[in-house]
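In the order they appear, the protein sequences are chains A and B. With the first letter of the first sequence counted as 1, position 220 gets the number 220 in the working numbering; the numbers rise by one all the way through. Just add 1000 to the spot in the second sequence (first one is 1) and you have the working numbering. Idealized CB from N, CA, C, for every residue including glycine. Data first, discussion second: the structure below is written as structure tokens.
Protein chains: 2
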Amino acid sequence: MILAAENDATTLSDRVFETLCSAIVEGDIPAGSKISEPDLAKKLQVSRASLREAIGRLEACHLVTRKPNVGARVVELDGEQLLEIYHVREALEGMAARLAARHMTEQEIDALRSLASEHSRQIEQDQSDDFQQVGDLDFHFLIVQGSHNSRLINLLCDDLYHLVRMYRHQFGMTSQRTQPALAEHRAIVDVIAAGDGEMAELMMRRHVRASRENLERMLQQAERFE
Amino acid sequence: MILAAENDATTLSDRVFETLCSAIVEGDIPAGSKISEPDLAKKLQVSRASLREAIGRLEACHLVTRKPNVGARVVELDGEQLLEIYHVREALEGMAARLAARHMTEQEIDALRSLASEHSRQIEQDQSDDFQQVGDLDFHFLIVQGSHNSRLINLLCDDLYHLVRMYRHQFGMTSQRTQPALAEHRAIVDVIAAGDGEMAELMMRRHVRASRENLERMLQQAERFE
DNA sequence: TCAAGAAATATTGTCGACAATTTATGACTC
DNA sequence: GAGTCATAAATTGTCGACAATATTTCTTGA
């Protein structure tokens, strides 16, 4: 674990936060594990105060849970909690798509189309893992940015997407939904480009709901084997 | 400003957070004002470390904005930002109403009906200020709790509603929408009780959207006088 | 061997101090 | 009076230390 790079407008605790956020999302600090302030402060060569500030921020984006006088633990999402997140995503991303249809610039739409094309290329070259791990969320990320609603962007990109990324890293994506998802992405781009907010919302919600239902099926199958 | 009461499962910084959260929402620390750590630590008789942890949490719920090496300032919401919040509310509260129609218990529904009745009584007795300042949000709060989606509850109740409360405290509510809003509340209760999630969502979204449009009109009138 | 209690150890929360950065003040010039 | 620069003062970020709390280890008795 290497401390994130210095940068003009950041504090040491910002850098510790970035470092830990990545380490948690990527599984270097495993879900469920207890965070030892002295150990981590020593490993990162910072004082506990900076570390505590970073841990507070990790708590704010729900990557750790914290208990008074006990400390922080990396979150473990059970199936129920994942489904909760997908309900919230459906609502927020539906609204994001509606607002994107109204606010997205030509440049942003071009970037979105390019990304969807890149994803097609990846899938044709049997790189569908890249799409599922990272690319899918990149697509969603661009649409949320295109909403031009800073509150929406903050809720999704600074909070929920960390958790989604962590979950994907932890469990992989074995969804068999790649081709349909990509087709849905393309259709969403088209209606956003056409400025049809209502249809964009409907299609995005359907898209996220399909992922949720897929997850529900997977969770039910997992229960059957336990 | 009196430090919030001690309680088994809280730390001093939790108590500082509660104290400051209330002080900001209620305007005791005015919007836009710079937060001086030394002054505030002295006033509350705590060390700067506990105060900084509390300020970090205020930042997480967007009640303050923070800049490295400059410090924290109580947020000032302009009209644009308020409208952003209302778009997010529409999405999240629509979903909350849908989920509430599925998950709310009989007891919860009874409590919701009681609250709506209490609000009618207040309005008949010319206490409509109470409804607009506090009661309206209490109603929404109960529905969000009734969604039984902890992520949704967290986003709205631990984050956005602080800001909404702050805004209402700052600007008052002069909306002329009291009677229509209450009728909408009652109708929403009925469809939730009937278990009709889709209609609950539609009606809740319409309700929040009407508030947003009302706010838009007020903002346009305010611009006209500037 | 196991369970309960006490003691030791480690960790978390808070403290005040120091270093780095920003802001306020004063002096000078035009 | 306004603008610029240098200096002083204040504030913010980080540090290590201490107090409070939790966890681990050890001891004792059944």
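> Using the beta-carbon of each residue, which ones in chain A are nearer than 8 Å to Glu1084 of chain B?
Replying inline: Asn149, Ser150, Arg151, Leu152
> Using a C-beta cutoff of 7 Å, does His1103 of chain B count as contacting chain A?
Replying inline: no
> Nearest chain B C-beta to Gly56 of chain A closer than 7 Å, yes or no?
Replying inline: yes
>> List, in chain order, every chain A residue whose beta-carbon is nearer than 8 Å to that of Glu1090 of chain B.
In response: Met95
>> Quick check: what's the CA-CA separation for Val189 of chain A versus Thr105 of chain A?
In response: 13 Å
>> Can you check which of these residues, A:Glu59, A:His185, A:Arg165, is closest to Ile143 of chain A by C-alpha distance?
In response: A:His185
> Is the beta carbon of Leu12 of chain A sitting closer than 7 Å to the one on Ser36 of chain A?
Replying inline: no
> Excluding the five sequence neighbours on either side, which residues of its own chain have a C-beta within less than 6 Å of the C-beta of Ile1055 of chain B, listed in chain order?
Replying inline: Ala1072
> What runs of the beta strand (DSSP E), each 3 residues or longer, lie entirely inside the stretch 1050-1137 of chain B?
Replying inline: 1064-1067, 1071-1074
> If we cut at 7 Å on Cβ distances, does His1087 of chain B have a partner in chain A?
Replying inline: yes
> Start and end of the alpha helix (DSSP H) containing Ile153 of chain A?
Replying inline: 150-155
> In angstroms, rounded to a whole number, what distance separates the CA positions of Ala1193 of chain B and Val1070 of chain B?
Replying inline: 51 Å
> For Ala187 of chain A versus Ala101 of chain A, is the C-beta spacing smaller than 7 Å?
Replying inline: no
> Among B:Asp1158, B:Leu1077, B:Val1134, which one has its Cα closest to the Cα of Glu1018 of chain B?
Replying inline: B:Asp1158
> Name the chain A residues that come within less than 8 Å of Glu1053 of chain B, Cβ to Cβ?
Replying inline: Arg52, Glu53, Gly56
> Looking only at its own chain, which residues have a Cβ that is under 6 Å from the Cβ of Tyr86 of chain A, when we skip the five neighbours before and after it?
Replying inline: Arg212
> How would you label Ile29 of chain A, buried or exposed, when you count the other beta carbons within 10 angstroms and need 16 or more for buried?
Replying inline: buried
> Straight-line CA distance for Leu58 of chain A to Gly172 of chain A?
Replying inline: 22 Å
> Would you call the CB atoms of Arg1168 of chain B and Glu1090 of chain B closer than 7 Å?
Replying inline: no
> From what residue to what residue does the alpha helix (DSSP H) around Glu26 of chain A run?
Replying inline: Run containing Glu26 of chain A: none; DSSP gives neither H nor E here.
>> Using only the alpha-carbon positions, how far apart do Val1075 of chain B and Lys1043 of chain B sit?
In response: 21 Å
> Going along chain B, which residues have a C-beta under 9 Å from Thr10 of chain A?
Replying inline: Pro1068
> If Glu93 of chain A and Met166 of chain A are in contact, beta carbons under 8 Å, what's the gap, nearest whole angstrom?
Replying inline: That pair is no contact at about 18 Å.
> Counting contacts by CB-CB distance shorter than 7 Å, is Ala210 of chain A in contact with chain B?
Replying inline: no
> Going along chain B in order, which residues have a C-beta closer than 7 Å to the C-beta of Leu137 of chain A?
Replying inline: Within chain B, no residue comes near Leu137 of chain A; the closest Cβ sits about 17 Å away, beyond 7 Å.
>> Taking a contact to mean a Cβ-Cβ separation below 7 Å, would you say Leu156 of chain A touches Phe139 of chain A in this structure?
In response: no
> Name the DSSP beta bridge partners of Ile35 of chain A, please?
Replying inline: A:Ala72
> Excluding the five sequence neighbours on either side, which residues of its own chain have a C-beta within less than 6 Å of the C-beta of Cys1061 of chain B, listed in chain order?
Replying inline: Asp1159, His1162
>> Check for me: the alpha helix (DSSP H) holding Ile188 of chain A runs from which residue to which?
In response: 178-193
>> Please tell me whether Ala1060 of chain B has its Cβ less than 7 Å away from any Cβ of chain A.
In response: yes
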